[in-house]
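There are 2 protein chains.
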Amino acid sequence: MSRWEPNARGRLEQAAMELYSEHGFEQTTVTEIARRAGLTERTFFRHFSDKREVLFAGSSTLQDLLVDTLAGVPGSAAPIDAVAAALDAAATVFRDRHEQARQRQKIINANAELQERELIKLARLSAAISETLRRRGVAEPAASLAAEAGIAVFKVTFERWIDGPGSRDMSQLIREVLDELKAVTAGG
Amino acid sequence: MSRWEPNARGRLEQAAMELYSEHGFEQTTVTEIARRAGLTERTFFRHFSDKREVLFAGSSTLQDLLVDTLAGVPGSAAPIDAVAAALDAAATVFRDRHEQARQRQKIINANAELQERELIKLARLSAAISETLRRRGVAEPAASLAAEAGIAVFKVTFERWIDGPGSRDMSQLIREVLDELKAVTAGG
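Next comes the structure, spelled out in structure tokens:
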């Protein structure tokens, strides 16, 4: 096999998602993923540390994008508005990836270990957001609360987006869910 | 050893907490816990499924208390106020247990697996709260958002309570943190 493997990463991702959907995450081996992609196991491990990482490789991109956007929002913005701007930037990661996101979520929902990994990912995102807010001069507990509120908005938005038609604009949904959170926390 | 073992559960809990604090959670065995408590391993397993469960045995009590209180709040209350009332009831679980709660948190913070288990516990509490709200007629996404907001308040309150002096009233802290969340989500 030639060392030059066009889009090896993308082919491995696609093969893995197909196999996880067809046979389940647990039943799928790295050998099978590599074979389906027409690549070697060695190539797989050049791109991913294990079969779980195929599903979570985007986490650090998402976190970097959230943190970088948040750090760049003008200091005059209220913490929750700064977080909303960061979520809005993160939404671009999912543009034109509705079907992939749906498929990934279905795989995760079917496996307790993957659900735990997803919770850890969200907890890390929340910690990264609150840390960035503190560096922007936001005091505690406001920094933690704005971060947790942002993650709550992200979770609920994501579920609605996944369940809806692919054409729905995630940015619009973020605004709607954030407005709903404001109404909910304002109370009766 | 007699079958009648006064306060076996409490003695096992205390022995486990001491050993986890002294030697770390991973290094401690069930054999050592039972020995320190002056009981048999068999007795340990009559009370706990494994050494991790000693730290999480209170989770279902907490969840039942939250859900039962929430279900009993008058239907006229706004969802977030109903959740706040449930958190307030849950606070009674920790009354006079500040030192134990601190010790437990320190053990959990020192171990990644226990931190994951704690995240799962909180995710389950959130799911139980939103389910109870839906049964009370609260629509989505308000039910999920009120539940997530409640868990955020609980997490932040708990951290502040643990870090503060044992004399601080958790109910008072819940109200302060909830007010802060309201201010944060209201934005600038």
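Residue numbers (my numbering), protein chains in the order written: chain A, -5 to 182; chain B, -5 to 182. Every residue gets a Cβ at the ideal spot worked out from N, C-alpha and C, and that includes glycine.
- Residue 4 of chain B is classed as exposed because its beta carbon has fewer than 16 other beta carbons within 10 Å across all chains shown.
- Distance from residue 30 of chain A to residue 13 of chain A at the Cβ level is roughly 6 Å; contact confirmed, criterion being Cβ atoms closer than 8 Å.
- In the pairwise beta carbon analysis, the segment 105 to 117 of chain B is classified as touching the segment 99 to 117 of chain A: at least three pairs are separated by under 8 Å.
- Going by DSSP, residue 157 of chain A is part of the alpha helix (DSSP H) stretching over 136 to 157.
- Taking 8 Å as the CB threshold, residue 30 of chain B stays off the interface with chain A.
- As for any beta strand (DSSP E) of minimum length 3 sitting wholly inside the segment 29 to 54 of chain B, there is none.
- Across the set A:-1, A:1, A:32, A:61, the C-alpha of A:61 shows the shortest separation from the C-alpha of residue 121 of chain A.
- Straight across, the Cα-Cα distance linking residue 145 of chain B with residue 117 of chain B is about 8 Å.
- Taking the C-beta atoms as reference points, residue 2 of chain A is found nearer than 8 Å to residue 37 of chain A.
- Between the segment 74 to 82 of chain B and the segment 135 to 151 of chain B, the count of Cβ pairs shorter than 8 Å is three or higher; the stretches touch.
- Between residue 48 of chain B and residue 17 of chain B, the alpha-carbon positions lie close to 16 Å from each other.
- Secondary structure of residue 1 of chain A (DSSP, three-state): coil.
- Put simply, the CB of residue 125 of chain B is far from chain A, with every gap to its CB atoms at 8 Å or more.
- Nearest to residue 172 of chain A by alpha-carbon distance, out of A:26, A:141, A:20, A:19, is A:141.
- Taking a beta-carbon distance threshold of 8 Å, residue 138 of chain A counts as an interface residue toward chain B.
- In the DSSP annotation of this structure, the continuous segment of the alpha helix (DSSP H) that includes residue 178 of chain B starts and ends at 164 to 180.
- At a Cβ-Cβ threshold of 8 Å, residue 101 of chain A and residue 19 of chain A count as neighbours.
- Where residue 120 of chain B is concerned, the enclosing alpha helix (DSSP H) starts and stops at 106 to 129.
- Our two residues, residue 167 of chain B and residue 151 of chain B, have alpha carbons roughly 6 Å apart in a direct line.
- Contact note: residue 73 of chain B reaches chain A through 178, using a C-beta cutoff of 7 Å and chain order.
- Using beta-carbon distances, residue 114 of chain A counts as an interface residue toward chain B, with a partner under 8 Å.
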